[in-house]
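Counting in the working numbering, the sequence shown runs from 514 upward without gaps.
No residue lacks a Cβ here, since even glycine has one placed at the ideal position from N, Cα and C.
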Amino acid sequence: MSEVSSSFGSNFSSQPIYNEMIKETMEKYDCDYQTAREFVDSNT
């Protein structure tokens, strides 16, 4: 995967809950990882 976004602390994005949020977003909106990650980034 590409490097973690620097828009917020890197320690948050290393937490399992972050990946869970992305996975749920991907399933909920049927989008790819990058789109879901940007969505999660903007909502945390």
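Taking 6 Å as the limit between beta carbons, can you name the residues of its chain near residue i, skipping five residues before and five after?
i: Arg550; result: Ile535
Ordered along the chain, which non-local residues of its own chain (more than five positions away) have a Cβ less than 8 Å from that of residue i?
i: Asp545; result: Met539
i: Val553; result: Tyr531, Met534, Ile535 and Thr538
My output table needs one value for residue i: the three-state DSSP class, helix, strand or coil.
i: Asn561; result: No answer is possible for residue 561: it lies beyond the span of the chain, which begins at 514 and ends at 557.
i: Gln547; result: helix
i: Met514; result: For Met514, the pLDDT reaches just 47, beneath the cut-off of 50, and the residue's location in the model is therefore unreliable, although a value from the coordinates is still provided. Met514: coil per DSSP, three-state reduction.
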